[in-house]
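Here is the structure we will look at.
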Amino acid sequence: ETGVTQTPRHLVMGMTNKKSLKCEQHLGHNAMYWYKQSAKKPLELMFVYNFKEQTENNSVPSRFSPECPNSSHLFLHLHTLQPEDSALYLCASSQQSSGVANEKLFFGSGTQLSVL
Amino acid sequence: SQKIEQNSEALNIQEGKTATLTCNYTNYSPAYLQWYRQDPGRGPVFLLLIRENEKEKRKERLKVTFDTTLKQSLFHITASQPADSATYLCALYNTNAGKSTFGDGTTLTVKP
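Chains as they are written, first to last, in our numbering: chain A, 59 to 174; chain B, 19 to 130.
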């Protein structure tokens with residue numbers, strides 16, 4: 059186990075549904091991330107939270123809405139998704155230290171999302 | 019434009035041989051480079067990190083080199099085993115951007 063838990067593991071939703079992905083890290087890290095992994099494409103960074111504050115929004119459509127209530131939990135709220143949003147959504151965490159570049163990422167197992 | 023290329027989509031080798039995977043990049047000045055392993059249906063797992071001022075790093079059967087002149091990193095697995103079969107990802111940390119960018123990955127298959 060990596061110390062990062064994602065639920066659910068699999069999700070099938072219609073384009074009009076609203077659902078949420080959940081991520082919890084037990085590592086005491088202060089940064090959390092959402093990545094999207096589509097078939098045959100590299101990992102795409104979506105959102106970054108440092109100390110619960112969003113520091114990166116990588117031009118992600120507004121139908122994806124992140125929430126970070128505390129440094130251990132991260133959510134990704136989904137609404138009116140498109141079939142091309144079907145992908146593996148990965149959560150990761152890391153320990154960011156001031157002045158030290160050390161972005162070793164710990165990933166969860168991901169949520170395999172299918173949009174019908 | 020910035021680009022990260024991993025040598026090939028798939029690499030097949032015989033058990034016991036050394037697997038060598040390549041990560042080439044253009045228009046980056048990475049502070050460090052990381053290698054991850056990803057198994058089907060799982061998230062990537064961190065393996066090794068090498069900084070721009072380091073030439074080589076080792077961990078058990080793994081060795082990573084980093085040549086900032088050639089803009090290339092090589093990832094070696096010696097005495098490979100079927101259990102080493104997985105997809106291996108390189109990631110470059112860009113200090114200016116403050117984040118890592120991943121390559122497409124190379125899927126390694128080690129045959130008994």
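Positions of the beta carbon are idealized from the N, C-alpha and C atoms, including for glycine.
Self-check item: Rounded separation between residue 97(A) and residue 100(B) - CA only
Solution: Near 24 Å, if we compare the C-alpha coordinates of residue 100(B) and residue 97(A).
Self-check item: Best match in 75(B), 43(B), 32(B), 34(B) for proximity to residue 112(B) [C-alpha to C-alpha]
Solution: Among 75(B), 43(B), 32(B), 34(B), the Cα nearest to that of residue 112(B) is on 43(B).
Quiz item: Looking at the C-beta of residue 34(B), does it have a partner C-beta in chain C at a distance below 9 Å?
Solution: Absent here is chain C; the protein component of the structure consists of chains A and B.
Self-check item: Proximal residues of chain A, C-beta to C-beta of residue 43(B) below 7 Å
Solution: In chain order: nothing, as chain A lies at least about 12 Å away.
Exercise. Assuming residue 88(A) contacts residue 129(A) (C-beta within less than 8 Å), just tell me the rounded distance between them.
Key: At roughly 6 Å, the Cβ-Cβ gap stays under 8 Å, so residue 88(A) and residue 129(A) are in contact.
Exercise. Throw me the rounded Cβ distance for the residue 95(B) and residue 79(B) pair, which I believe falls under 8 Å.
Key: Yes, they are in contact, since the Cβ atoms of residue 95(B) and residue 79(B) sit about 6 Å apart, within 8 Å.
Quiz item: Based on the DSSP secondary-structure assignment, which residues constitute the bridge partners of residue 37(B)?
Solution: Paired residue(s): 95(B).
Practice problem: State the DSSP-derived secondary structure class of residue 115(B), mapped to helix, strand or coil. | Solution: Note: residue 115(B) maps to coil in three-state DSSP.
Quiz item: Is it right to say residue 70(A) is buried, meaning 16 or more other beta carbons lie within 10 angstroms of its own, or is it exposed?
Solution: Burial call: exposed.
Quiz item: How would you label residue 94(A), buried or exposed, when you count the other beta carbons within 10 angstroms and need 16 or more for buried?
Solution: Around the Cβ of residue 94(A), a 10 Å sphere holds 16 or more other Cβ atoms; the residue is buried.
Exercise. For residue 163(A), collect the residues of the same chain with a Cβ closer than 6 Å to its Cβ; drop the 5 residues on either side in sequence, then sort them by chain order.
Key: 150, 152, listed in sequence order.
Self-check item: Segment limits, beta strand (DSSP E) that includes residue 74(B)
Solution: First-last of the beta strand (DSSP E) with residue 74(B): 74 to 77.
Quiz item: Would you call the segment 35 to 53 of chain B and the segment 97 to 114 of chain A in contact, with 3 or more CB pairs under 8 Å?
Solution: No, the segment 35 to 53 of chain B does not touch the segment 97 to 114 of chain A.
Quiz item: Can you name, in chain order, every residue of its own chain whose Cβ lies under 6 Å from the Cβ of residue 62(B), other than the five neighbours on each side?
Solution: Correct list, in chain order: 54, 56, 107.
Self-check item: Assigned secondary structure, residue 144(B) (DSSP; H/G/I helix, E/B strand, else coil)
Solution: Only positions 19 to 130 of chain B appear in this structure, which leaves residue 144(B) out of reach.
Quiz prompt | Environment of residue 65(A) [buried if 16+ CB atoms lie within 10 Å] | solution = Burial is judged here by how many other beta carbons sit within 10 angstroms of a residue's own beta carbon; residue 65(A) has fewer than 16 and is exposed.
Self-check item: Same chain only: Cβ atoms within 6 Å of residue 109(A), ignoring 5 sequence neighbours per side
Solution: These residues qualify, in order along the chain: 88.
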